[in-house]
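Everything below concerns the one structure shown next.
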């Protein structure tokens, strides 16, 4: 996989979330992603960036246009230095939430993405990476 463009944003407050969502849409449009693909990407991005703000008081979000086998995609990485997730397997179940949310964030973001990866260490933080391919269904 090759990275064609990359940008890192610091997420510290709600206006950063809105700016990030707009940038993610811009990247999706740039590669010619369908409206349905854009909606899935933006929805997943919104869930993940809000989780980062809510549970870790922010972090860094990286936007990239990547290419693999001549197919372009948008890769988003969310990295925080928050409390980490004690049980990632449990956190990936629908309905699980440590906050007062619906618990759709992580599993919902996974369903909306073509590729999903999560790494978390208690006391050190969490990194979630998603990819939505231009031709992803």
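Residue numbers (full-length UniProt numbering): 1 to 137. Where is the CB? At the ideal position from N, CA and C, for every residue including glycine.
Residue 131 and residue 17 have their C-alpha atoms some 18 Å from each other. Within the same chain, 4, 31, 32, 65, 66, 133 and 134 come within 8 Å of residue 72 by CB-CB distance, once the 5 residues on both sides are set aside. The UniProt domain "Histidine kinase/HSP90-like ATPase" (36-136) contains, as complete beta strand (DSSP E) runs of 3+ residues, the segments 59-68, 71-79, 115-121 and 125-133 (chain order). The beta carbon of residue 29 lies closer than 8 Å to those of 38 in the same chain, with the five residues before and after it left out. Here residue 61 is not near residue 112, since their CB atoms are 8 Å or more apart.
Within the model, the alpha-carbon separation for residue 89 versus residue 22 is close to 30 Å.
For the options 92, 41, 2 and 50, the alpha carbon positioned closest to that of residue 12 is the one of 50. In the structure shown, residue 31 falls within a coil segment according to DSSP collapsed to helix, strand and coil. Within the same chain, Cβ atoms closer than 6 Å to the Cβ of residue 6 are found at 64, the five residues on either side in sequence being excluded.
In this structure, residue 74 sits away from residue 109, with a CB-CB distance that is not shorter than 8 Å.
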